[in-house]
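Asker: Here you go, one structure.
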Amino acid sequence: MAPPDREPAARVPLYARVKEAIVERIASGQIGPGGRLPSEHELMAEFGVSRMTAHRALRELSAAGLVARVQGRGSFAAPPRPRLEWLEIRDISDEIVASGHRHRVRVLAQEATRARADQALAFGLRPGARIFHATLLHYEDDVPVQIEDRLVSPRFAPDFLEQDFTKETVAAYLLRLGPATETEHVVYATTPSPEIRALLEIGRDEEQACLVVLRRTWSGGLPATQTEFIHPGARYALGTRSSMGDRPDGPAAP
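Below is the structure:
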């Protein structure tokens, strides 16, 4: 069955609708690089939402690198930034097996959908264009340790929907198609939603944030994937080791 052209407005969270409107203004040039965005109070008045909803929309755009927030001054469209890459993210299954444990995965979604405005901007598509989406839950032994929420360009992986990701990880499949020639990572902490808490089996009495790694990849100069890796903060650590001589910006200060 073909996916619907657009998700009914009633099913789109209010904060996502605010995000889409801001992204559309940035993509159209209505708000240029460094241009000031509406304040939380202005968004509340324009969209009829609470301050918490307006705050979440701006916070998530900031975490994605699209918006820069300056204390006491407001929020601004982020200027283009050079991408410096020296953080290595390994396939979660390789990490788990290397530590002597058993990896398994549940495929929660594997579908074609329509790109929202912010997603279309990231992939160089028009809003509403067809894009692939998958959500997977990774376990170390029987403990959930990662939610993988991934968008994939159909141009890069046209047979994505035909794959069985219980037999081969998404990362391994995509690597077979071709290596990433450019990557970008944004790492941040967030308070998990009730749905995320349930999937990661975070107890109601557990006060812990989730560690989120937002990863974007390009192959041959074209956007290939955009993925959110969500981990329970108490069960996951992110680290890297690199040769300072290999850094694109030269040696770092000790």
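Mind the numbering: the sequence shown is residues 622 to 875 in our numbering, read in order. We put the CB at the ideal spot given by N, CA and C, even for glycine.
Expressed to the nearest angstrom, what Euclidean distance is found between the alpha-carbon atoms of Leu798 and Ile851?
Answerer: Approximately 25 Å, taken between the alpha carbons.
Asker: Is Val833 closer than 9 Å to Thr811 when the C-beta atoms are compared?
Answerer: Taking 9 Å as the Cβ cut-off, Thr811 and Val833 qualify as a contacting pair.
Asker: What does DSSP give as the partner residue(s) for Phe697 in the beta ladder?
Answerer: For Phe697, which the question treats as bridged, DSSP gives the partners Arg657 and Ala689.
Asker: Return the residue from the list Pro775, Thr790, Arg680 and Ser649 that minimises the CA-CA distance to Val639.
Answerer: When each option's Cα is compared against that of Val639, the closest is Arg680.
Asker: Report yes or no: do the segment 654 to 661 and the segment 685 to 703 share at least 3 C-beta pairs separated by less than 8 Å?
Answerer: At 8 Å Cβ cutoff, the stretches touch.
Asker: In chain order, what residues of the same chain lie with their CB nearer than 8 Å to the CB of Ala684, ignoring the 5 residues before and after it?
Answerer: Excluding positions up to five away in sequence, the list reads Val807, Tyr809, Thr811, Val833 and Leu835.
Asker: So what's Gln755 in DSSP terms, helix, strand or just coil?
Answerer: It is worth fixing the name first, because residue 755 is Ala in this sequence and not Gln. Ala755 falls in the strand class under three-state DSSP.
Asker: With Asp763 as the anchor, note down where its alpha helix (DSSP H) starts and where it stops.
Answerer: Per DSSP, Asp763 belongs to no alpha helix (DSSP H) and is neither H nor E.
Asker: For the beta strand (DSSP E) containing Val644, name the first residue and the last one.
Answerer: Element bounds for Val644: not the beta strand (DSSP E) but the alpha helix (DSSP H), Leu635 to Ser649.
Asker: Give me the DSSP bridge partner(s) of Leu835.
Answerer: In the DSSP output, where bridge partners are listed per residue, Leu835 has Val807 and Glu849.
Asker: State the Cα-Cα distance for the pair Leu664 and Val670, rounded to the nearest angstrom.
Answerer: Cα to Cα, Leu664 sits roughly 7 Å from Val670.
Asker: In whole angstroms, what is the alpha-carbon distance linking Ala666 and Thr674?
Answerer: C-alpha separation (whole angstroms): 12 Å.
Asker: Determine the extent of the beta strand (DSSP E) in which Gln731 is found, giving its start and end residues.
Answerer: His724 to Arg735 is the span of the beta strand (DSSP E), which, as asked, contains Gln731.
Asker: Glu822: buried (16+ other C-beta within 10 angstroms of its C-beta) or exposed?
Answerer: Glu822 should be labelled exposed.
Asker: Strictly by DSSP, which residues pair up with Arg771?
Answerer: Arg771 pairs with Ala755 and Thr848.
Asker: Is the CB-CB distance between Thr846 and Ser774 below 9 Å?
Answerer: Yes.
Asker: Please work out which residues of its chain come closer than 6 Å, Cβ to Cβ, to Pro703, disregarding the five sequence neighbours upstream and downstream, and give them in chain order.
Answerer: Since pLDDT at Pro703 reaches only 45, below the 50 mark, its modelled position is unreliable, and no value is offered.
Asker: Using the C-alpha atoms, what's the distance from Gly693 back to Leu796?
Answerer: Distance between the alpha carbons of Leu796 and Gly693: 44 Å.
Asker: Quick check: the Cα distance between Asp770 and Gln731, rounded to an integer number of angstroms?
Answerer: Computed Cα separation, rounded: 10 Å.
Asker: DSSP beta-bridge partners for Ser840?
Answerer: Answer is Leu843, bridged to Ser840.
Asker: Near Glu890, what residues of its chain come up, given a Cβ to Cβ distance below 6 Å and the 5 sequence neighbours on each side ignored?
Answerer: The structure shown does not extend to residue 890, since the chain is modelled only from 622 through 875, so no value can be given for it.
Asker: What's the call for Val766, buried or exposed, on a 16-neighbour Cβ count within 10 Å?
Answerer: Per the 10 Å Cβ criterion, buried.
Asker: Count Cβ pairs between the segment 710 to 725 and the segment 740 to 753 that sit closer than 8 Å; are there 3 or more?
Answerer: With the cut-off at 8 Å, the segment 710 to 725 and the segment 740 to 753 do not touch.
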